[in-house]
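Everything on this sheet refers to the single structure shown next.
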Amino acid sequence: MTYKATKITIVSEKLIQSGITRIVEDEGAAGYTVIEGGGKGQHGVRSTDRPKVVGAFGIVKIEVVVADRGVADAIADKVAASYFENYAGIVYLEEVEVLRPKKF
Amino acid sequence: MTYKATKITIVSEKLIQSGITRIVEDEGAAGYTVIEGGGKGQHGVRSTDRPKVVGAFGIVKIEVVVADRGVADAIADKVAASYFENYAGIVYLEEVEVLRPKKF
Amino acid sequence: MTYKATKITIVSEKLIQSGITRIVEDEGAAGYTVIEGGGKGQHGVRSTDRPKVVGAFGIVKIEVVVADRGVADAIADKVAASYFENYAGIVYLEEVEVLRPKKF
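Protein chains in written order, with the numbering used here: chain A, 1 to 104; chain B, 1001 to 1104; chain C, 2001 to 2104.
Have a look at this one:
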């Protein structure tokens, strides 16, 4: 028996990590995961002039799973509106299944 | 041409990584990926008293893709039953598409 | 309001990372993310004789989100055909939702 939930993934420059996780917490998510990585293009690199490759630890991937789709949409909208006009980064949503919805 | 498969993602404290991967192998998965990261809340931090942030390498994210949904459910159920009463951590399932089902 | 997009995930030995990202760029993706990790079995370990565990930074997970499903299929097919006859590795596709399709 599984329950529907939504995963929000945000890939961004590490510089704005704390601002993003503050939005995640303010919207009521029960937790989040942060993975460091590298990338190119909109996947986390500021496009001052043109895309460039960022080393292995220049970007972060923040993942959040929430049971409530409205919370997921609010997180995605606020992160995009607050940061992704001025910083490179992407946000996307996925449907997932969880075993214990009260954890999320 | 793609084939349906299921991805199981487990986020947990690094302390229990080897126990989790043993379940994954015992259930017959063809392989798994382990990524190190940090997090907060149910995403990998033991909640002795209240959620706290864990540094960049305090948690692991283990991912497994299997062609057989029954195997995916068995892995998720056994990991949750064996560990997630006493340790913080989450497990979730996603439908994915693979090119070569015999690899999984 | 969200729009459908496709995420391609490739898990492979680090040795072939630059060849894979060249295919990703040649097919027209707007960017990609690279995460380092470990694993076992088809998830990134060359099976010279039998699967073995690879340390924390032996493999890479490359993720790409594209708005165009045809581009996603082309990337997946070319990576599999170019590398996964001779190297261990997996590729899988997932449907995701994005806020701003022009970024992808």
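Every residue, glycine too, gets a C-beta built ideally from N, C-alpha and C.
The Cβ-Cβ distance between Ile2062 (chain C) and Thr2002 (chain C) does not fall below 8 Å. The Cβ neighbour count for Glu13 (chain A), taken over all protein chains shown within 10 Å, is at least 16; the residue is labelled buried. The CB of Ile1035 (chain B) comes closer than 7 Å to the CB of Ile35 in chain A, given here in chain order. Taking Gly70 (chain A) as reference, the option from A:Gly38, A:Val24 and A:Gln17 with the minimal CA-CA separation is A:Val24. Contact between Gly1028 (chain B) and Ser1082 (chain B) does not hold, since the beta-carbon distance rounds to 17 Å and is not under 8 Å.
Counting every other CB atom within 10 Å of its CB across the protein chains shown gives Asp26 (chain A) a total below 16, marking it as exposed. Taking Gly1031 (chain B) as the centre and dropping the five residues before and after it, the same chain places no C-beta closer than 6 Å to its C-beta.
Taking the Cα of Gly58 (chain A) as reference, the smallest distance to any Cα among A:Phe104, A:Leu15 and A:Thr6 is reached at A:Leu15. Chain A places no beta carbon closer than 8 Å to that of Thr2006 (chain C), leaving this residue out of the contacts.
Taking the Cα positions, Asn2086 (chain C) is about 10 Å away from Ala2080 (chain C). Under a 10 Å Cβ-count criterion, Lys1004 (chain B) is classified as exposed, with fewer than 16 other Cβ atoms of the shown protein chains found around its own Cβ. In the structure shown, Gly28 (chain A) falls within a coil segment according to DSSP collapsed to helix, strand and coil. Looking at the DSSP output, Val2064 (chain C) bridges to C:Ile2008. Excluding sequence positions up to five before and after Gln17 (chain A), its CB lies within less than 8 Å of the CB of Val34, Val60 and Ile62, all in the same chain and listed in chain order. Per DSSP, the continuous beta strand (DSSP E) segment holding Tyr92 (chain A) begins and ends at Gly89 to Val98. Of the candidates B:Lys1040, B:Leu1099 and B:Phe1104, B:Leu1099 places its Cα closest to the Cα of Ile2075 (chain C). Per DSSP, Ile1016 (chain B) is not a residue of any alpha helix (DSSP H), being assigned neither H nor E. Pairing Thr1006 (chain B) with Glu1095 (chain B) gives a Cβ-Cβ distance under 8 Å.
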